[in-house]
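Read top to bottom, the protein sequences are chains A and B. Numbered according to numbering that gives the first Met the number 0, the first sequence spans residues 0 to 422. Numbered according to numbering that gives the first Met the number 0, the second sequence spans residues 0 to 295. Cβ coordinates follow ideal geometry from the N, Cα and C atoms, glycine included. Predicted, not measured: the structure shown is a model, and the values here were computed from it.
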Amino acid sequence: MQKILKVAQREYIETAKTKTFIIGILMTPVIIGAIIFFTSRISGDKAGPRPPIRVAVTDISKTLAEDIKTSFDDYNKRNPNRQFLLQRFDVQQDANAVQIQGKAKLRNGQADVYVVLDEDILQGPGKIRFYTHKPKPANIDAFWTIESLFRKAVENRRYEMEELDRKLLARLRNVPIERLEIGAADGQEQVQSQAHSIVNMMVPFFFMYLMFMGMVGTGQHMLSSIIEEKNSRVIEVLLSAVSPFQLMAGKILGLAGIGLSVTALWSAAAFAAARWQGLNVGVTPELMVYFVIYYILGYLLFSAILTGIGSVCNTIKETQSLMMPVMLIFIIPMIAWFKLVQSPDGTMARVLSFVPPVTPMVMILRLAAGSNVLFVEIGASIIVLAAAVLVVIWAAAKIFRAGILMYGKKPGLFEILRWLRQS
Amino acid sequence: MNAVTLDNVCKSFGQVHAVENLSVEVPAGSVYGFLGPNGAGKTTTLRMIMNIIRPDSGRIEILGDGQIEQVKNRIGYMPEERGLYRKMTARKVLAYFGAIKGVNDKELAQRVPHWLQRVELADWADKKVEELSRGMHQKLQFAVTVINDPELVILDEPFSGLDPLNQDLLKNIILEMRNEGKTIIFSTHVMHEAEKLCDFILLINKGKLILDDTLDNVRSRQSAHTVSVELEGDTAFVENLPMVTAVKSEGKRLDVTLTDPDTQQFLQALMQRARVRAFEVKVPSLHEIFVNLVAP
């Protein structure tokens, strides 16, 4: 045990001193912060210039031409660098013939969008039909604007026909809502903006992401540490002092310390940032306890897999091909997080909770999402996870024992299976 | 008592038999030289003693224990593949390996500077390992091996890569350790080193044991058969003496191989027939013995 601790201590100190570690620990929050900051800036900037968009129109009802023109002229006046060019295709005799003509224009690129208003658009169930041909993704925003301009033209006309007062309608529809978080005691009420509720929804994701980064980030250190020991040939000297199992256990333990330090630091930073922004993040001590339990088990599982991978490879490059399938599994909850947060007790969440590599991430997501996860479910998932940890550590120890001294050739699957059978 | 016992140990890698039915007993307190040409199985044997690779069959006992993990703190092993943490300083590397070999902090505070001094690296103590030269690296590696004051020291090719001055430094330390009663096993294919240090010689070739004896026995058994003589007058009769099997003349000197180790009888026979100017019982160097035994 003493030897394991000594190995762990060295692993911790030497990893914490490496540049990649220091850069990683500082840069990750900075990068995340920068991304959030710039996305909000960029998405606010909608009025960028774009080439004019040609809108072909056929109004079968023959009643709205003026309204549409006013509506578009109005827009063009307000947005001189984001013009729409209106082209009218009026129906002479045959409505169908005109539409065929219009669609042909669209196909040979003389128009960007072709809009047809049905004959009974004002009174009946008619539609505004919006034709496109291989639309450019860059124009999607503009298409939405066109849709709303047409809708507005039709709406205005309908108000007039029904003789309704628009101002009255606006007043009737306006029901102000204020979101307030009351705090622990009276007098701590705080107004919550839309952003606050989005942040609250992001909390479970943040927890899961923290767990993901904690596991994967330290995993990288595990790989480079093993590869370094193999390449510098220090491994044989080490094994003359400690057993392979002690070495592996020490490494896992030392890097677990690194992972916990990092996650503690990041969550403290995130918590402080949330406080500073006046957000009241609902984190209970219970959730923290679960986080630590799941993190430790998940980390043990992941790092044991990596020790196995690291010990059979000679360079970081070689590890990458073996890392791929492992990473794919871990990506599942990262992709599915939104659905998991919205239905934390759904079938997918329940099933993924018992798939050991992703158990910790999914469970912490569900718990942080405030679902009523049954206590039995928590217990069972921890048991399944712990069992997986034991099996994987057992296998990893054997692969580590045999692989660590192999230089040059990477062993095949059969050779690895043979190692597992050996005592 | 034996420091190391190998009993019928076998190891093969694929089709190659690296070590075949090797049985050796290394008595405590001896200096044991594992000799053999490149690829003879020396390193494989030492690695099996350290349980770094496992034998296919046979039994290995080390410091009276079948379980090496129990006694690792009492062993110092310097592998053929040298390596240390490149980013750590010499001092820290030494302290770390001391610590994982069970030396407590108080002891380390004394031993680390002592050994840095002893291998003449005191001035480099706070340099990173990657900044040291190859020879320094090697000396630091040796210090790492003995930092735990081991009862049993196993050195795989300890002299390779060292200049003559550093070779002497290392030799002196090894002799010192022998005087302290430690057991030392080392492998080499440079014979004159073994000659100066060893009590026992083990010679293996292609995984098979060829010779396992004390250095004195090896020498006397081999040497007694060759005598170098210089005679006055006609020397043709020597060939016809009954105890002579071969004569090789080099100028005036005759190198005579005898059937019997009793050289005195041969001397008597010579004196009866001619004046003897010089008579020397040849002590072949280990180098010659090695070449004789190993060459195909």
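> Just the Cα atoms here: how many angstroms apart are D55 (chain B) and L412 (chain A)?
Replying inline: Taking the first residue of the second sequence as position 1, residue 55 (chain B) is located at position 56. Taking the first residue of the first sequence as position 1, residue 412 (chain A) is located at position 413. Using only the alpha carbons, I get a separation of about 22 Å.
Measure how close the beta-carbons of A248 (chain A) and I3 (chain A) come, nearest whole angstrom, since I'm counting them as under 8 Å. Taking the first sequence and counting its residues from 1, one reaches residue 248 (chain A) at position 249. Taking the first sequence and counting its residues from 1, one reaches residue 3 (chain A) at position 4. Correct: roughly 5 Å between the Cβ atoms.
Secondary structure at M87 (chain B), three-state DSSP: helix, strand or coil? Position 88 of the second sequence, counting from 1, holds the residue named residue 87 (chain B). Residue state, collapsed to three classes: coil.
Quiz item: Is it right to say F270 (chain A) is buried, meaning 16 or more other beta carbons lie within 10 angstroms of its own, or is it exposed?
Solution: Here residue 270 (chain A) corresponds to residue number 271 of the first sequence, with the count starting at 1. So F270 (chain A) counts as exposed.
Please classify I304 (chain A) as buried or exposed, where buried requires at least 16 neighbouring CB atoms within 10 angstroms. For this step, residue 304 (chain A) is matched to residue 305 along the first sequence. Buried, because 16 or more other Cβ atoms sit within 10 Å of the Cβ of I304 (chain A).
Of the listed residues A:P48, A:F206, A:R157, A:Y298, nearest to T217 (chain A) (C-alpha basis) = Sequence index remark: in the first sequence, residue 217 (chain A) carries index 218 (1-based). Checking every option, the nearest Cα to that of T217 (chain A) belongs to A:Y298.
Between the CA atoms of L151 (chain B) and Q69 (chain B) - distance to the nearest angstrom: For this step, residue 69 (chain B) is matched to residue 70 along the second sequence. For this step, residue 151 (chain B) is matched to residue 152 along the second sequence. The straight-line gap from Cα to Cα measures roughly 14 Å.
Notebook entry, point to check: Which residues, in order along the region 176-188 of chain B, keep a beta-carbon less than 9 Å from a beta-carbon of chain A?
Noted result: Of all residues in the region 176-188 of chain B, none has a C-beta nearer than 9 Å to a C-beta of chain A.
Requested in this report: Please name the residue in B:Y84, B:R276, B:V282 whose C-alpha comes closest to that of E130 (chain B).
Outcome: Numbered from its first residue, the second sequence carries residue 130 (chain B) at position 131. Of the candidates B:Y84, B:R276, B:V282, the residue whose Cα lies closest to the Cα of E130 (chain B) is B:Y84.
- Query: Would K170 (chain B) pass as a contact of T225 (chain B) if the rule is Cβ separation under 7 Å?
  - Reply: Counted from its first residue, the second sequence places residue 170 (chain B) at position 171. Counted from its first residue, the second sequence places residue 225 (chain B) at position 226. Annotated as distal: K170 (chain B) and T225 (chain B), with beta-carbon spacing of 7 Å or more.
Fill in: Short CB-CB distance (under 7 Å) between R232 (chain A) and chain B
By one-based count along the first sequence, residue 232 (chain A) stands at place 233. Against chain B, the CB of R232 (chain A) has a partner CB under 7 Å away; the residue lies at that interface.
Taking the Cβ atom as the reference point for each residue, do I209 (chain B) and L292 (chain B) lie within a distance shorter than 7 Å?
For this step, residue 209 (chain B) is matched to residue 210 along the second sequence. For this step, residue 292 (chain B) is matched to residue 293 along the second sequence. Yes, the Cβ-Cβ distance between I209 (chain B) and L292 (chain B) is below 7 Å.
Do the CB positions of V111 (chain B) and K138 (chain B) come within less than 7 Å of each other? Counting from 1 along the second sequence, the entry for residue 111 (chain B) is found at position 112. Counting from 1 along the second sequence, the entry for residue 138 (chain B) is found at position 139. Not in contact: V111 (chain B) and K138 (chain B) (Cβ atoms no closer than 7 Å).
Exercise for review: Sort A:L179, A:A110, A:N155, A:E180 by Cα distance to A169 (chain A) and report the nearest one.
Suggested key: Counted from its first residue, the first sequence places residue 169 (chain A) at position 170. Closest option to A169 (chain A), Cα to Cα, is A:N155.
Ends of the beta strand (DSSP E) at P26 (chain B)? Stepping through the second sequence from its first residue, residue 26 (chain B) is reached at position 27. Its beta strand (DSSP E) spans residues 15-26.
### Message
So for V102 (chain B), helix, strand or coil by DSSP?
### Response
Counted from its first residue, the second sequence places residue 102 (chain B) at position 103. Judged by DSSP in its simplified three-state form, V102 (chain B) adopts coil rather than helix or strand.
- Query: Which residues in chain A sit within 8 Å of P78 (chain B), going by Cβ to Cβ distance?
  - Reply: For this step, residue 78 (chain B) is matched to residue 79 along the second sequence. Result: R232, E235, V236, S239.
- Task: Note down, in chain order, every chain B residue with its Cβ under 8 Å from the Cβ of E13 (chain A).
- Result: Indexing the first sequence from 1 puts residue 13 (chain A) at position 14. Here the neighbours are Y84, K86, M87.
*asked:* Could you tell me the alpha carbon to alpha carbon distance between D344 (chain A) and S352 (chain A), rounded to whole angstroms?
replied: Here residue 344 (chain A) is taken as the residue at index 345 of the first sequence, counted from 1. Here residue 352 (chain A) is taken as the residue at index 353 of the first sequence, counted from 1. For D344 (chain A) and S352 (chain A), the distance between alpha carbons rounds to 10 Å.
Exercise. Assign K18 (chain A) to buried or exposed, taking buried as 16 or more other Cβ atoms, counted over all protein chains shown, within 10 Å of its Cβ.
Key: The sequence position of residue 18 (chain A) within the first sequence is 19, counting from 1. Around the beta carbon of K18 (chain A), a 10 Å sphere encloses fewer than 16 other beta carbons of the protein chains shown; the residue is thus reported as exposed.
Cutoff 7 Å; reference G125 (chain A); Cβ partners in own chain excluding five residues on either side:
Within the first sequence, the letter at position 126 stands for residue 125 (chain A). Non-local beta-carbon contacts of G125 (chain A) in its own chain, meaning distances under 7 Å to residues more than five positions away in sequence, involve D117, E118, D119 in chain order.
Open item on the list: For a test of the three-state rule: what should DSSP assign to A55 (chain A), helix, strand or coil?
Closed with: Within the first sequence, residue 55 (chain A) is the residue found at index 56, counting from 1. In this structure, A55 (chain A) counts as strand in the three-state DSSP scheme.
Subject >> Euclidean distance between Cα positions of L339 (chain A) and L209 (chain A) >> reply: If you number the first sequence from 1, residue 339 (chain A) lands on position 340. If you number the first sequence from 1, residue 209 (chain A) lands on position 210. Straight-line Cα distance between these residues: approximately 16 Å.
Contact check, C197 (chain B) vs G32 (chain B), beta carbons under 7 Å | Position 198 of the second sequence holds residue 197 (chain B). Position 33 of the second sequence holds residue 32 (chain B). Contact: yes.
- prompt: What's the C-alpha gap between L93 (chain B) and A142 (chain B)?
  reply: In the second sequence, residue 93 (chain B) corresponds to position 94, counting from 1. In the second sequence, residue 142 (chain B) corresponds to position 143, counting from 1. Each residue's alpha carbon lies about 7 Å from the other.
In its own chain, which residues sit with a C-beta less than 6 Å from the C-beta of F199 (chain B), not counting the 5 before and 5 after it? On the second sequence, residue 199 (chain B) is found 200 positions in, with the first residue counted as 1. Taken in chain order, the residues that qualify are S29, Y31, T213.
Quiz item: Does DSSP put V246 (chain B) in a helix, in a strand, or in coil?
Solution: Here residue 246 (chain B) refers to the residue found at position 247 of the second sequence. If DSSP states are grouped into helix, strand and coil, V246 (chain B) belongs with the strands.
Have a look at L201 (chain B) and E156 (chain B) and give me their C-alpha separation to the nearest angstrom. Numbered from 1 along the second sequence, position 202 holds the residue referred to as residue 201 (chain B). Numbered from 1 along the second sequence, position 157 holds the residue referred to as residue 156 (chain B). Approximately 14 Å between the Cα atoms of the pair.
Query raised in the report: If we count the other Cβ atoms within 10 Å of its Cβ and call it buried at 16 or more, is P359 (chain A) buried or exposed?
Result: The residue given as residue 359 (chain A) occupies position 360 in the first sequence. By the neighbour-count rule (16 or more Cβ atoms within 10 Å), P359 (chain A) is buried.
- Query: Tell me the DSSP bridge mates of N204 (chain B)?
  - Reply: For the purposes of this step, residue 204 (chain B) is taken as residue 205 along the second sequence, with counting starting at 1. Note: N204 (chain B) sits in a beta bridge opposite B:K207.
**Prompt:** Where in the region 163-189 of chain B do unbroken runs of the alpha helix (DSSP H), each at least 4 residues long, occur, reported from the N-terminal end onward?
**Reply:** With a minimum length of 4 residues, the unbroken runs of alpha helix (DSSP H) contained wholly in the region 163-189 of chain B fall at 163-178.
Would the region 129-136 of chain A and the region 159-173 of chain A be scored as touching if the rule is three or more Cβ pairs under 8 Å? No contact exists between the region 129-136 of chain A and the region 159-173 of chain A.
Q. Since S242 (chain A) meets chain B, which of its residues come closer than 7 Å, beta carbon to beta carbon?
A. By one-based count along the first sequence, residue 242 (chain A) stands at place 243. From the beta-carbon of S242 (chain A), the residues of chain B found nearer than 7 Å are E68.
Practice task
Could you work out which residues of chain A lie near R81 (chain B), taking near to mean beta carbons separated by less than 7 Å?
Solution key: As a working note, residue 81 (chain B) is residue 82 in the second sequence. Chain A residues near R81 (chain B): R232.
task = Would you verify that the beta carbon of R417 (chain A) is, or is not, closer than 7 Å to some beta carbon of chain B?
result = Residue mapping note: residue 417 (chain A) aligns to position 418 of the first sequence, counting from 1. Taking Cβ atoms only, chain B never reaches closer than 7 Å to R417 (chain A), which makes this a no.
inquiry  = Any beta carbon of chain B sitting closer than 7 Å to that of R349 (chain A)?
reply    = Counted from its first residue, the first sequence places residue 349 (chain A) at position 350. Proximity of R349 (chain A) to chain B, defined by a Cβ-Cβ separation below 7 Å, is not satisfied.
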